[in-house]
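Scroll down for the structure; my scribbles are underneath it.
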Amino acid sequence: MIRKIAVNTGGGDAPGLNAVIRAVVISALWRGWEVWGIRHGYRGLIVDDPNDLVRLERRSVRGITHLGGTILGSTNRGDPYHYPVEVDGTTQPMDVSGRLIERFKELGFDALIAIGGDGSLKLANRLLEQGLPRVIGVPKTIDNDLAGTDVTFGFQTAVATATDALDKLHSTAQAHERVMVVEVMGRYAGWIALYAGLAGSADIILIPEIEFDIERVCEKIRRREARGRHFAIVVVAEGAKPKGGHMTFKASKGEFSEHAQLGGIAQQVADQITARTGKETRSLVLGHLQRGGSPVTPDRILSLRLGTAATKYLAETDRSGMVSVRHGEIELTPFSEVAGKIRTVPLDSDTLRTGRDLGVCFGDEPAGTFLDGTMPPPPLRRYD
Ligand code: F6P
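If you count the sequence shown from 1, you need to add 59 to reach this note's numbering.
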């Protein structure tokens, strides 16, 4: 029997977090439950500060569906098994999980709704195994790379932002007859690069799932050049890597951070394009712009569906797990199917195939060839 629940948001933010919180709060209040927000991941349960644990009422979530960010705050330095604690003027890692679970129970919470990505959901599951009574995870990440669900909220908004940037870059690239190399987020998966690249008519899309050969990339640029197309747009996922090479990192994993920081591949690709083709090339990194702004309509709907489903599963079952989307339907997926796994772009994906059939170069096949190795018919090549 559920009477009092807690909700938190962890890891990098994603558009739609506030819509999920609103859906959780309204649907829980409607069931007669009390709802509390734990601020900044688990900080509200670890640090004894009344501002970090907030009662959520109907008025707390008014007018927030369309807002980016999260009213609860987030962190990717909040692992309770490795929590940064100040001791004698230095920051040291401490396992505060036991205290956290005790506090959760002392406060009378019957369940936690944890809104987060792979890291946050892994932690939520670990806390569940260690003693939290019930946990429902809600899959969040702009990267769209969580296993156990077909889609995560935030992804469509990030794609829309990146697509908009590509649309804008076309005119300046064309005006100056330059190559523009745009780095997008996505960590070890190429979903954002693939979707934004296709929607924004990129000529070349480089994703982590396909190691790229820079010579193939340059071939495509030269072929366009030969046809009088003196500019090109290259979208490169932050996790893309050259054949036999490595991903490019900007910073290694800090003691308390969730991940090492990817970044810098666009500049490398741009430098090599200039060196090999002589074309003037510029690079830019879209970065955290992709995590900001109002969620687009599909992300709002998905967030509201997932948030209400989270309380529904708490009310109607005694299970824990992640609310997920499978073939359009909401399900509850066991954490065992999610934890520690990521979902990358399948190489036989129809979307990838669509790109190839449109003549997009993925840095592997000779530019302009189909999957079966044949060349596209002349009408297609005219627009290459
Ligand atoms: O996982 C979401 C994401 O935005 C990745 O695409 C990116 O690599 C990472 O987070 C950046 O995280 P931050 O800069 O917040 O540490």
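Glycine is no exception: its CB is placed at the ideal position from the N, C-alpha and C atoms.
For residue i, count the other beta carbons within 10 Å of its own beta carbon; 16 or more makes it buried, fewer makes it exposed. Which is it?
i      : result
Pro354 : buried
Asn110 : exposed
Val79  : buried
Glu236 : exposed
Glu242 : buried
Lys227 : exposed
Thr307 : buried
Trp89  : exposed
Gln320 : exposed
Glu268 : buried
Asn67  : buried
Ile64  : buried
Glu317 : buried
Asn77  : buried
Gln151 : exposed
Val295 : buried
Arg98  : buried
Tyr442 : Unreliable placement is indicated for Tyr442, whose pLDDT of 38 sits below 50; the coordinate value is still reported in the next sentence. Per the 10 Å Cβ criterion, exposed.
Taking C-alpha atoms, which residue in the options lies nearest to residue i?
i      : options                        : result
Gly70  : Gly132, His125, Arg237         : Gly132
Asp138 : Ile360, His386, Val241, Gly103 : Gly103
Leu182 : Arg359, Ala221, Gly196         : Gly196
Ile238 : Leu205, Arg281, Glu145, Lys400 : A small fix is needed here, since residue 238 is Val in this sequence, not Ile. Measuring from the Cα of Val238, the nearest candidate turns out to be Arg281.
Ala221 : Arg193, Ile264, Gln189         : Ile264
Glu161 : Arg335, Arg118, Leu191         : Leu191
Pro357 : Gln215, Gly245, Ile266, Ile85  : Gln215
Gln189 : Phe212, Phe163, Asp204, Ser230 : Phe163
Ala234 : Arg288, Leu205, Ala258         : Arg288
Gly122 : Ile85, Trp92, Asp407           : Ile85
Val419 : Asn77, Ile61, Ala258           : Ala258
Ser379 : Gly387, Thr392, Gly207         : Thr392
His347 : Glu314, Ala329, Glu297         : Glu297
Asp154 : Phe315, Gly175, Asp330         : Phe315
Leu451 : Ala217, Arg275, Glu284, His229 : In this structure the chain extends from 60 to 443, so residue 451 is not present and cannot be described.
Tyr140 : Thr200, Leu186, Gln326         : Leu186
Thr336 : Ala374, Ile174, Arg275         : Arg275
Ala255 : Val293, Glu278, Arg98          : Val293
Ile130 : Ile174, Ser230, Thr367, Tyr142 : Ile174
Gly351 : Tyr372, Thr200, Thr410, Glu388 : Thr200
Arg117 : Ile389, Ala87, His99, Arg412   : Ala87
Glu339 : Thr231, Glu388, Leu411, Gly303 : Thr231
Determine the contact status of residue i and residue j, defining contact as a CB-CB distance below 8 Å.
i      : j      : result
Ala291 : Ile324 : no
Trp250 : Val106 : no
Arg364 : Asp209 : no
Trp95  : Val120 : no
Asp177 : Ile401 : yes
Gly467 : Arg359 : Any answer about residue 467 is impossible in this case: the structure gives the chain only from 60 up to 443.
Ala82  : Ser362 : yes
Ala224 : Leu345 : yes
Phe271 : Gly157 : no
Gly322 : Lys312 : no
Tyr247 : Leu159 : no
Val194 : Ala170 : yes
Asp202 : Gly245 : yes
Pro301 : Ile273 : yes
Ala369 : Ile61  : no
Ala329 : Ser342 : yes
Phe394 : Leu180 : yes
Ser24  : Gly213 : No statement about residue 24 is possible, as the shown extent of the chain runs from 60 to 443 and does not include it.
Asn135 : Ala398 : no
Asp262 : Arg283 : yes
Less than 7 Å separating the Cβ of residue i from some heavy atom of the ligand F6P?
i      : result
Asn203 : no
Leu88  : no
Gln320 : yes
Glu297 : yes
Met244 : yes
Thr403 : no
Arg158 : no
Arg350 : yes
Gly71  : yes
Asn135 : yes
Thr208 : no
Gly176 : yes
Thr68  : no
Thr220 : no
Thr200 : yes
- Query: At what residue ranges does the segment 192-226 contain a whole run of the beta strand (DSSP E), taking only runs of 3 or more?
  - Reply: 194-198
- Message: Runs of 4 residues minimum, wholly inside the segment 279-339: which ones carry the alpha helix (DSSP H) assignment?
- Response: 324-336
- Whole beta strand (DSSP E) elements within the segment 363-426, 3-residue minimum: 380-385, 388-392
- Which whole runs of the beta strand (DSSP E) in the segment 61-122 are 3 residues long or more, in chain order? 63-68, 93-97, 112-114
- Query: Where are the alpha helix (DSSP H) runs, 4 residues long or more, that stay fully inside the segment 112-182, in chain order?
  - Reply: 156-165
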